[in-house]
Amino acid sequence: MCFSWAPVFPQEVADQLMHTMAAKGLLNDTTVGIFRDGGTLRLRRATVRRCPLSPNAFLLALCPHRLQELDASWASGGLTGAAIVSGLASNPECRSSLQRLSLDGLRLDWESLVEDAGTRVGFSSLRGLRTLKLANTDLSDAALADVCSLPHLESLDISCSGVSNLSPLLDCKNTLRHLIAHRLQRLHMPPSGLTFVLRQLDALRHLDFSEDHVAEDDGSGEDVNEAVRQLLEGGPDLLPSLVSLDISGQKKISEAAVRTFVETRGGLVFMGLLATGTSTCDILSTKKNLKVTGAANEDQVCEALRRYRDRQCFVREALVHLYNLIADTDKPRPDILKLVLAAMQSHRSSLHVHVIATACVFSLTTQDLAEAMPLSLLGAAVAQLLHAMKTFPNHQQVQKNCLLALCSEHILQEVPFDKYSAATLVINWLSSHEDATLQRMAVAVICLLVSKVTAHFFPLFYRASGPALHCRGVSFFVRPRSPRL
């Protein structure tokens, strides 16, 4: 696909067009062709995140541009990290201009990289890189060594990768400022060796050594846990520039160690302590400029939902604590509802997240609270609830939570959303479920939608059975269903 004729678009418009197409799922091998003409659409900050794109389409459409940023995380269609790196390296301008590269969730296929004019093409070919994200990839020790040879590397994310040794980090110790190493299951370094590496990263300002506390413990995290303990108790000479430390999910961390660390770090601005059992440490509340993720109070839980949006284990943990905090709330909290909806959007197929999140949505949108919420926000909530009903049709608690939240006269009558599709979904659900309690709630939702859908739905509504219904202060009478023959 290409333009038959088009004016030269401002560079920012080209970036915005690509981002919009990617976000709406419109970017693929065919549509990406409009970006082949670098004279009309000049890209600088490109994204093909979660887009089905082949290596050839990527090479033809994106590699000719003088890119500064590229997000190819979780792209499909056969696109690999090796194809992206070799394609970008084929453009001499990209080798120096590209500063940010995100390849989260991709198969790197490192061994397929070939030599170019006698020199092996790799991450080190992109000499301008400052930020590199390689979370959830098959990153190897050899590939990490190549990455760490980058002369300007400042931020590196190797979370959930295949790295077993962090010694290559010493090659970028003078430039590396942000290291994210969440859940390195294959890391095999003794605590003394890991501490030796960390001790030399004098420029490091943010360190993330968090762990998935829900995953089965195979003993692989004990060395990291011991290294974290040594870091907490090591004094300010160990990582002297550090202002942000995330150790959420790490076990066997004591409040005394946390207190020692906070007391000796006057410039500390963030500490991740969710699922460590130490977020109630008294010293944390005395530091006004210190943000904390934990479970001690609402601020800590909300901070966790903001920072850990892409980490299912922490989202689930934070939602559990949030539900306990808001169970009896009597004040509208649109700010918290936004965080819950963002978590649902980020983990659309996670049952563990949706069981708790849908319960939170119900608690935050009871009748009086819903009336004080922006209609657009409630519309987004309805969309997530309907998606949950479609995705988990046989999970009784999710269905119950969704129906309870939807059974609101204000939401169903005043909030703009596709009521036709919603009515169809609930009617189809009603016809295939026998649980009497859930049936009554479903009938109540259908009754509230009657006045908002077309007349040809009326016969379907009146097939539903049930006595007078009462939900969230609204009463309904539904004609009983005829006895089955």
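Using the numbering used here, read the sequence shown as starting at 67 and increasing by one per residue.
Even glycine gets a Cβ: it sits at the ideal position worked out from N, Cα and C.
Quiz item: By the 10 Å Cβ neighbour count, where 16 or more other Cβ atoms means buried, how is L235 classified, buried or exposed?
Solution: Here residue 235 refers to the residue found at position 169 when the sequence shown is read from its first residue. When all chains shown are included, L235 counts as buried.
Quiz prompt | Q479, buried or exposed, once every other Cβ within 10 Å from all chains shown has been counted against 16 | solution = Position 413 of the sequence shown, counted from the first residue, corresponds to residue 479. Counting Cβ neighbours within 10 Å, Q479 comes out exposed, since fewer than 16 surround it.
Practice problem: Identify which residue in G104, I477 and W140 has its Cα closest to the Cα of A127. | Solution: Stepping through the sequence shown from its first residue, residue 127 is reached at position 61. Among G104, I477 and W140, the Cα nearest to that of A127 is on G104.
Self-check item: Per DSSP, cross-strand counterpart(s) of M337
Solution: The sequence position of residue 337 within the sequence shown is 271, counting from 1. L311 and V358, per the DSSP bridge assignment.
Quiz item: Below 7 Å between beta carbons: does that hold for S162 and R115?
Solution: Reading the sequence shown from its first residue, position 96 is the one you call residue 162. Reading the sequence shown from its first residue, position 49 is the one you call residue 115. For S162 and R115, no; Cβs fall outside 7 Å.
Quiz item: So what does DSSP say about I246, is it helix, strand or coil?
Solution: Walking along the sequence shown from the start, residue 246 turns up at place 180. Residue state, collapsed to three classes: strand.
Exercise. Locate the alpha helix (DSSP H) running through D365, then write down its first and last residues.
Key: By one-based count along the sequence shown, residue 365 stands at place 299. Here the alpha helix (DSSP H) through D365 covers E364 to R373.
Self-check item: T490 - containing alpha helix (DSSP H), residue span
Solution: In the sequence shown, residue 490 corresponds to position 424, counting from 1. Element bounds for T490: K485 to S497.
Practice problem: Report, in whole angstroms, the separation of the C-beta atoms of V358 and S345, which I expect to be a contact under 8 Å. | Solution: Translated into positions along the sequence shown, residue 358 becomes position 292. Translated into positions along the sequence shown, residue 345 becomes position 279. Yes, they are in contact, since the Cβ atoms of V358 and S345 sit about 6 Å apart, within 8 Å.
Exercise. Please classify G338: is it buried, with 16 or more other beta-carbons within 10 angstroms of its beta-carbon, or exposed?
Key: Along the sequence shown, read from residue 1 onward, the residue named residue 338 stands at position 272. Buried.
Quiz item: For A370 versus L340, is the C-beta spacing smaller than 7 Å?
Solution: Translated into positions along the sequence shown, residue 370 becomes position 304. Translated into positions along the sequence shown, residue 340 becomes position 274. It is a contact, given that the beta carbons lie within the stated cut-off.
Quiz item: Which of the three DSSP states, helix, strand or coil, is assigned to E500?
Solution: Mapped onto the sequence shown, residue 500 falls at position 434. Coil, per DSSP.
Quiz item: Would a C-beta distance cut-off of 7 Å place S221 and H244 closer than the cut-off?
Solution: Residue mapping note: residue 221 aligns to position 155 of the sequence shown, counting from 1. Residue mapping note: residue 244 aligns to position 178 of the sequence shown, counting from 1. For S221 and H244, yes; Cβs fall inside 7 Å.
Exercise. Following the continuous alpha helix (DSSP H) through E135, name the residue where it begins and the one where it ends.
Key: The residue you call residue 135 lines up with position 69 of the sequence shown. First-last for E135: E135 to D137, but that is the beta strand (DSSP E), not the alpha helix (DSSP H).
Practice problem: Starting from S142, follow its DSSP beta bridges and name the residues at the other end. | Solution: By 1-based counting over the sequence shown, the position of residue 142 is 76. Partner(s): P118.
Quiz item: For T113 versus H85, is the C-beta spacing smaller than 7 Å?
Solution: Counting from 1 along the sequence shown, the entry for residue 113 is found at position 47. Counting from 1 along the sequence shown, the entry for residue 85 is found at position 19. Yes.
Quiz item: Residues in its own chain within less than 7 Å of F458 by CB, not counting five upstream and five downstream?
Solution: By 1-based counting over the sequence shown, the position of residue 458 is 392. Cβ neighbours of F458 beyond the five flanking positions: L417, H420 and V464.
Quiz item: Where do the ends of the beta strand (DSSP E) carrying R111 lie?
Solution: As a first step, residue 111 must be located in the sequence shown, where it is residue number 45. Unbroken beta strand (DSSP E) run through R111: R111 to T113.
Practice problem: Give the straight-line distance between the Cα atoms of L469 and V98, rounded to the nearest whole angstrom. | Solution: By one-based count along the sequence shown, residue 469 stands at place 403. By one-based count along the sequence shown, residue 98 stands at place 32. Taking the straight line from one Cα to the other gives about 41 Å.
Self-check item: C-beta contact flag for A425 and Y374 at 7 Å
Solution: Working through the sequence shown from its first residue, we reach residue 425 at position 359. Working through the sequence shown from its first residue, we reach residue 374 at position 308. Result no, Cβ atoms of A425 and Y374 do not sit closer than 7 Å.
Practice problem: Please say whether V367 and L334 have beta carbons closer to each other than 7 Å? | Solution: Taking the first residue of the sequence shown as position 1, residue 334 is located at position 268. Taking the first residue of the sequence shown as position 1, residue 367 is located at position 301. Not a contact, by the Cβ cut-off of 7 Å.
Quiz item: When DSSP labels each residue in this structure, what does D552 get in the three-state scheme?
Solution: For the chain, the structure presents residues 67 to 551; residue 552 sits outside this window and is missing.
Exercise. Thinking L267 and L305 are a contact (beta carbons under 8 Å), I'd like their distance in whole angstroms, please.
Key: Along the sequence shown, one-based indexing puts residue 267 at 201. Along the sequence shown, one-based indexing puts residue 305 at 239. About 6 Å separates the two Cβ atoms, so the contact holds.
Quiz item: From which residue to which residue does the beta strand (DSSP E) around H272 run?
Solution: Within the sequence shown, residue 272 is the residue found at index 206, counting from 1. Residues H272 to D274.
Quiz item: Is it buried or exposed for R252, if we count other Cβ within 10 angstroms and need 16 for buried?
Solution: Taking the sequence shown and counting its residues from 1, one reaches residue 252 at position 186. Burial call: exposed.
Quiz item: Using the C-alpha atoms, what's the distance from R506 back to S498?
Solution: Numbered from its first residue, the sequence shown carries residue 498 at position 432. Numbered from its first residue, the sequence shown carries residue 506 at position 440. Whole-angstrom Cα-Cα distance: 14 Å.
Quiz item: Would the C-beta of I313 count as close to the ligand SAH, meaning under 6 Å from any of its heavy atoms?
Solution: No copy of the ligand SAH occurs in the structure displayed, which carries no ligand at all.
Practice problem: Pick out the complete alpha helix (DSSP H) segments inside the segment 387-430, 4 residues or longer, and give them in chain order. | Solution: 400-412 and 417-430
Quiz item: So is A409 buried or exposed if we call it buried at 16+ other beta carbons inside 10 Å?
Solution: The sequence position of residue 409 within the sequence shown is 343, counting from 1. Its Cβ being crowded by 16 or more others within 10 Å, A409 is buried.
Self-check item: Closest by C-alpha distance to I319, when choosing among D303, A293 and S307
Solution: Mapped onto the sequence shown, residue 319 falls at position 253. Nearest option by C-alpha distance: A293.
Self-check item: F542 classed as buried or exposed, judged by whether at least 16 other C-beta atoms fall within 10 angstroms
Solution: On the sequence shown, position 476 is the one that residue 542 refers to. Confidence at F542 is low in this model, with a pLDDT of 43, below 50, so the placement of that residue should be treated as unreliable; the coordinate-derived value is given next. By the neighbour-count rule (16 or more Cβ atoms within 10 Å), F542 is buried.
Quiz item: Which first and last residues belong to the alpha helix (DSSP H) in which L167 is found?
Solution: Sequence index remark: in the sequence shown, residue 167 carries index 101 (1-based). First-last for L167: R166 to S168, but that is the beta strand (DSSP E), not the alpha helix (DSSP H).
Quiz item: Out of curiosity, what's the CA-to-CA distance linking L125 and C238?
Solution: Along the sequence shown, one-based indexing puts residue 125 at 59. Along the sequence shown, one-based indexing puts residue 238 at 172. Approximately 30 Å between the Cα atoms of the pair.
Quiz item: By DSSP, does K239 sit in helix, in strand, or in coil?
Solution: Here residue 239 corresponds to residue number 173 of the sequence shown, with the count starting at 1. Coil.
Quiz prompt | Whole-angstrom distance between L172 and H248, CA atom to CA atom | solution = As a first step, residue 248 is located in the sequence shown; it is residue number 182 there, counting from the start. As a first step, residue 172 is located in the sequence shown; it is residue number 106 there, counting from the start. Their Cα atoms are separated by approximately 17 Å.
Quiz item: If we ignore side chains and look at the alpha-carbon of each, how far apart do C379 and K518 end up?
Solution: For the purposes of this step, residue 379 is identified with residue 313 of the sequence shown, where counting begins at 1. For the purposes of this step, residue 518 is identified with residue 452 of the sequence shown, where counting begins at 1. Distance between the alpha carbons of C379 and K518: 40 Å.
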